[in-house]
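This note's numbering runs 20 ahead of the 1-based position in the sequence shown.
Before any comments, here is the structure.
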Amino acid sequence: MMRLPRRFLTLHTSAVRRTSSVPAGVPSFVPACSTADRQSLELLQDFVSRSSRLFVISGAGLSTESGIPDYRSEGVGLYARTDRRPMQHAEFVRSAKSRQRYWARNFVGWPQFSSHQPNSAHKALQQWEQRGKLHWLVTQNVDALHSKAGQKRLTELHGCAHRVMCLGCGDISKREELQARFVALNPDWRAQTGGVAPDGDVFIEDEQVLNFRVPSCENCGGILKPEVTFFGDTVNKATVQFVHDRLSESDALLVVGSSLQVYSGYRFLLAAGDRKMSVAIVNIGPTRADHLAELKVRGRCGEVLSVIQPL
């Protein structure tokens, strides 16, 4: 495995600049960060060039540049902006009222959430795959932006909000189809939003959801849930093992846009450490695995990845 001296670098202002990938009119959920200097990019380029089978973990910091908010970013993440917290798995399963509130908010947020497009970071990683540099990509995101960018060697660790599953029979359907069922059941229902949250959620007052009707599974009448891993739930063991197998085939690990605060992703950094693999991190803020990284670059994912060549 390749080894590099430990380096922690902040990207400073220089001639390397990129336009924002956030669509016009969409609030920026990317924390303030300086642009990249040439020396920092050269060190990351060296890291990538030394690898022939690169394993990548991506997080919410990759998609903030497409206009999707995250939970933990300083100043602009959900936890910094509000006292709201995400839906817990146990609450969703046991409470019909919680499911009604969740789906009402998701229904309102879906048109905007589903319209987000890949940014320059997603496109760069897809090009790395095409060039044979990227062996496997594991994303903690549920927004389908890697798939929209054309990524094939991909595991969606926490599932995808564009799919819906039945907790009764296990049937999988498209979220877009459920949207049409929501419209049919709630033709006159309207709600005013008070802001955007991560993963397709929006803020609406509880009294606005009282008359919102939620459909059941068309096959068995069971409870419908996004095919995503809610907080408090665990990732499927077979998926975890599959990712460990892909990691064991790789020779270096690159983290892009994740704080790794959730153990489901952090576990692969621990495994990489056990295997003495070289680790690099690109993220604006601190991460749980900074002490495991030989190279830490603080910067915007799209700005950084778009200038790294998969040599």
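Backbone N, C-alpha and C define an ideal beta-carbon position, used for all residues, glycine too.
Nothing here was measured: the structure is a model prediction, and the numbers come from that model.
Could you tell me which residues DSSP pairs with C240 in its beta bridges? The residue labelled residue 240 in the question sits at position 220 within the sequence shown. Answer is none; C240 lacks a bridge partner.
The beta strand (DSSP E) spanning F13 covers which residue range? Residue 13 cannot be examined here, being either before or after the span of the chain that is shown, 21 to 331.
Going straight from the alpha carbon of H109 to that of G190, what length do you get? Here residue 109 is taken as the residue at index 89 of the sequence shown, counted from 1. Here residue 190 is taken as the residue at index 170 of the sequence shown, counted from 1. The alpha-carbon atoms of H109 and G190 are separated by roughly 16 Å.
Identify whether W209 lies in helix, strand or coil by the three-state DSSP scheme. Locating residue 209 in the sequence shown gives position 189, where the first residue counts as 1. Coil at W209, not helix or strand.
Nearest to P330 by CA position, among L64, C180, C240, is which residue? By one-based count along the sequence shown, residue 330 stands at place 310. For the residues L64, C180, C240, the minimum Cα distance to P330 belongs to L64.
Drop a sphere of 10 angstroms on the beta-carbon of C240, count the other beta-carbons inside from all chains shown, and report buried for 16 or more, exposed for fewer. As a first step, residue 240 is located in the sequence shown; it is residue number 220 there, counting from the start. It counts as exposed.
Helix, strand or coil: which one does DSSP assign to C180? Residue numbering aside, residue 180 sits at position 160 when the sequence shown is read from its first letter. Strand, per DSSP.
Identity of the residue in Y283, I224, D226, N231 nearest D253 by Cα: What you label residue 253 is simply residue 233 of the sequence shown in a count that begins at 1. Among Y283, I224, D226, N231, the Cα nearest to that of D253 is on Y283.
Endpoints, the alpha helix (DSSP H) within which A258 is located: On the sequence shown, position 238 is the one that residue 258 refers to. Element bounds for A258: 257-268.
Per DSSP, T159 is paired with what? In the sequence shown, the residue the question calls residue 159 occupies position 139. In DSSP, T159 forms a bridge with S78, E176.
Evaluate E269 with the Cβ neighbour count: other Cβ atoms within 10 Å of its Cβ, from every protein chain shown; 16 or more gives buried, anything less gives exposed. Counting from 1 along the sequence shown, the entry for residue 269 is found at position 249. Under this definition E269 is an exposed residue.
Among the residues of its own chain, which have a CB less than 6 Å from the CB of L273, if the five just before and after it don't count? Here residue 273 refers to the residue found at position 253 when the sequence shown is read from its first residue. The residues are F75, A292, M297, V299.
Would you mind sorting K194 into buried or exposed? The rule is 16 or more other CB atoms within 10 Å of its CB. Position 174 of the sequence shown, counted from the first residue, corresponds to residue 194. By the 10 Å Cβ count, K194 comes out exposed.
K168 to Q137, Cα distance in whole Å? In the sequence shown, residue 168 corresponds to position 148, counting from 1. In the sequence shown, residue 137 corresponds to position 117, counting from 1. Distance between the alpha carbons of K168 and Q137 is about 7 Å.
Cut-off 7 Å between Cβ atoms - residues of its own chain near L280, not counting five sequence neighbours on either side: Numbered from 1 along the sequence shown, position 260 holds the residue referred to as residue 280. Y286, L289, T307, R308, A309.
Through-space distance from E247 to D265, alpha-carbon basis: On the sequence shown, position 245 is the one that residue 265 refers to. On the sequence shown, position 227 is the one that residue 247 refers to. Taking the straight line joining both Cα atoms gives about 23 Å.
From T30 to G152, what does the alpha carbon distance come to, in whole angstroms? Taking the sequence shown and counting its residues from 1, the one referred to as residue 30 is at position 10. Taking the sequence shown and counting its residues from 1, the one referred to as residue 152 is at position 132. Any reading at T30 needs caution, since the residue's pLDDT is 41, under 50, leaving its predicted position unreliable; the model's value is listed next. For T30 and G152, the distance between alpha carbons rounds to 29 Å.
Between the Cα of L187 and the Cα atoms of A124, V50, T259, R119, which residue gives the shortest distance? Your numbering for residue 187 matches position 167 in the sequence shown. Measuring from the Cα of L187, the nearest candidate turns out to be R119.
Minimum C-alpha distance to P89 - residue among E227, L244, G129: One-based indexing of the sequence shown puts residue 89 at position 69. Answer by Cα proximity: G129.
Rounded to whole angstroms, what is the Cα-Cα separation between I224 and D57? Taking the sequence shown and counting its residues from 1, one reaches residue 224 at position 204. Taking the sequence shown and counting its residues from 1, one reaches residue 57 at position 37. The alpha-carbon atoms of I224 and D57 are separated by roughly 42 Å.
With distances taken between CB atoms, is the gap from S60 to V317 smaller than 8 Å? As a first step, residue 60 is located in the sequence shown; it is residue number 40 there, counting from the start. As a first step, residue 317 is located in the sequence shown; it is residue number 297 there, counting from the start. Closer than 8 Å, so yes.
Quick one: residues in its chain with C-beta nearer than 7 Å to the C-beta of R37, no 5 flanking neighbours on either side, listed in chain order? Your numbering for residue 37 matches position 17 in the sequence shown. Reliability of the predicted coordinates at R37 is poor, the pLDDT of 32 falling under 50, and no value is obtained from them.
Between L244 and L198, is the Cβ-Cβ spacing less than 8 Å? Position 224 of the sequence shown, counted from the first residue, corresponds to residue 244. Position 178 of the sequence shown, counted from the first residue, corresponds to residue 198. Yes.
Measuring only the C-alpha atoms, how far is L154 from L315? Counting from one through the sequence shown, the residue named residue 154 turns up at place 134. Counting from one through the sequence shown, the residue named residue 315 turns up at place 295. Each residue's Cα considered, the two are about 18 Å apart.
DSSP three-state assignment for L187, whether helix, strand or coil: Indexing the sequence shown from 1 puts residue 187 at position 167. Note: L187 maps to coil in three-state DSSP.
For F202, collect the residues of the same chain with a Cβ closer than 6 Å to its Cβ; drop the 5 residues on either side in sequence, then sort them by chain order. For the purposes of this step, residue 202 is taken as residue 182 along the sequence shown, with counting starting at 1. Cβ within range, chain order: F127.
Can you tell me which of the three DSSP states F223 falls into? As a working mapping, residue 223 is identified with position 203 in the sequence shown. F223: coil per DSSP, three-state reduction.
Please go through the same chain and pick out, in chain order, the residues whose beta-carbon is closer than 6 Å to the beta-carbon of W148, but skip the five residues on each side of it. For this step, residue 148 is matched to residue 128 along the sequence shown. The answer, listed in chain order, is L154, P330.
Going by C-alpha distance, which of H311, L82, Q132 is nearest A144? In the sequence shown, counting from the first residue as 1, residue 144 sits at position 124. Considering only alpha carbons, the answer is L82.
Assigned exposure category for S140 - 16 Cβ within 10 Å defines buried: Here the question's residue 140 lines up with position 120 in the sequence shown. S140 is buried by the Cβ-count criterion.
Burial state of A258, where buried means 16 or more other Cβ atoms lie within 10 Å: Taking the sequence shown and counting its residues from 1, the one referred to as residue 258 is at position 238. Counting Cβ neighbours within 10 Å, A258 comes out exposed, since fewer than 16 surround it.
Looking only at DSSP bridge pairs, what is F251 linked to? Within the sequence shown, numbered from 1, the residue matching residue 251 stands at position 231. According to DSSP, which records beta bridges pairwise, F251 is partnered with Q108.
Exposed or buried, R233, counting other C-beta atoms within 10 Å across all chains shown (16 or more means buried)? As a first step, residue 233 is located in the sequence shown; it is residue number 213 there, counting from the start. Result: exposed.
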